[in-house]
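If you read the sequences in order, they're chains Y and R.
Heads up: the first sequence runs through residues 10 to 186, numbered per my numbering.
Heads up: the second sequence runs through residues 1274 to 1404, numbered per my numbering.
Glycine included, C-beta positions come from ideal geometry on N, C-alpha and C.
This structure is a prediction, so every number in the text was calculated from the model and none was measured.
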Amino acid sequence: MKLKILEFDKILSTNLKAKELAKKEISPWTVVLAKKQIAGYGRKGENWFSPLGGLYFSIILPKSKIEDLQTLTILAAFVIAKALKENFSLEPLIKLPNDVLLNGKKVAGILTENVIGCEVKLSIMGIGLNTNIEKFPKDLANIATSLKIELGKKVDNKKILSQIIEGLKEQLVTISQ
Amino acid sequence: MIKNQSMDFKLKIGNKEYDIKILEIGEEIKIKVGEKEFIFGKEAKEKASPLQMFLPKRDFTKKEIKASLAGIVSEIFVQKGNFLKKGQKIFIISAMKMENEVLSDFEGKIKEIFVKKEQKVKAGETLLILE
């Protein structure tokens, strides 16, 4: 199935953009993709290093029960880990709640955000996956890694993106049944 | 069909043991794990949901903002005395691996804020009240 992807060369944060778009009746599963983020963030507003080469995207989630979105967030780490294992024979470790590690270093992070008024207004899921990042600054070099560093070769960002989205769609169908 | 059939067993995961009871009642299957009860029938029901959601009914006579889910107040964007617009971002409640922006359903001047940053809140707890 064809994915609806809105691609940006650079953006403050894909989660911010997705929240802005989700307020405007945009179809669920639309993906906001950025080549780089200027102010990418993770949980508790912590900075997410987002230079060119990495895979940064946010998904506008369909209106679902908040319990299902919670389960989906946890399953997202498994979907990412599965993609890394099957494509590259890597041995990812899932650090709950929402990080994926390779050789003890962070390779991916997930942040689901809901906006709630008198009802759940919108839900989005942001994923940062360190794919083709050549190297990390000193303060991150010991705690973060990329697929490029681990494999010594470039990977196909778009292919991984569609595998993750398809995986998440399947999971949400299963859990909401 | 055999009705009300039940099965008890213990399941050990890691070092923890769980008491499991499976009951078949008519067309429904009830699985009890410790105190939690899961019912599978035509419609899957879960009695003790891991995330309790509370969506307050609109009551315009009482201008209160309540927590719609349990979690930790990780950000407070307003102060006592501020004038709140409808749809304005008031809190972030971090819960269950998600960050939840809480918007105001009302407008008015904030009379009192009952929570502090990093405070745990229950679903349904009053977070602030307007004049």
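Residues bridged to Y/Leu42 (per DSSP)
Y/Glu16 and Y/Phe66
Grab me the residues of R/Gly1307's own chain with a C-beta within less than 7 angstroms of its C-beta, minus the 5 sequence neighbours each way, in chain order.
Closer than 7 angstroms at the Cβ level, and outside the excluded window around R/Gly1307, lie Tyr1291 and Asp1292.
Would you check if the stretch 122-130 of chain Y and the stretch 39-51 of chain Y touch, i.e. whether three or more CB-CB distances between them fall below 8 angstroms?
no
How should Y/Thr183 be labelled, buried or exposed, when 16 other C-beta atoms within 10 angstroms of its C-beta is the threshold for buried?
exposed
Quick one: is Y/Pro71 near chain R, going by C-beta distance under 8 angstroms?
no
Tell me which residues share the same chain as R/Val1351 and place their Cβ nearer than 8 angstroms to its Cβ, disregarding the 5 neighbours each side in the sequence.
Its chain contains Leu1357, Gln1361, Ile1363, Ile1383, Ile1386 and Leu1401 as the residues whose beta carbon lies nearer than 8 angstroms to that of R/Val1351, once the 5 sequence neighbours on both sides are disregarded; these appear in chain order.
Partner residues on chain A for Y/Val109, Cβ-Cβ distance less than 9 angstroms:
No chain A appears in the structure shown, which is made up of the protein chains Y and R.
So, with DSSP's three-state summary, where would you put Y/Ser171?
Three-state DSSP puts Y/Ser171 in a helix.
Excluding the five sequence neighbours on either side, which residues of its own chain have a C-beta within less than 6 angstroms of the C-beta of R/Glu1226, listed in chain order?
In the structure displayed, chain R extends from 1274 to 1404; residue 1226 of chain R sits before or after that span and is not available.
Neighbour list for Y/Gln124 in chain R, Cβ cutoff strictly below 9 angstroms:
With the sequence shown as reference, residue 124 of chain Y is identified as Val, and Gln is not the correct amino acid for it. Under the 9 angstroms cutoff, chain R gives Lys1362, Asn1373, Glu1374, Val1375 and Leu1376.
Do the stretch 127-144 of chain Y and the stretch 157-167 of chain Y meet, that is, are 3 or more Cβ pairs less than 8 angstroms apart?
yes
Can you pull out the residues from the stretch 1333-1355 of chain R whose beta carbon lies closer than 9 angstroms to at least one beta carbon of chain Y?
Ser1341, Leu1342, Ser1347 and Glu1348
Flag this pair as yes or no: are the beta carbons of R/Ile1349 and R/Ile1366 separated by less than 8 angstroms?
Cβ distance not < 8 angstroms, so R/Ile1349 and R/Ile1366 don't count as in contact.
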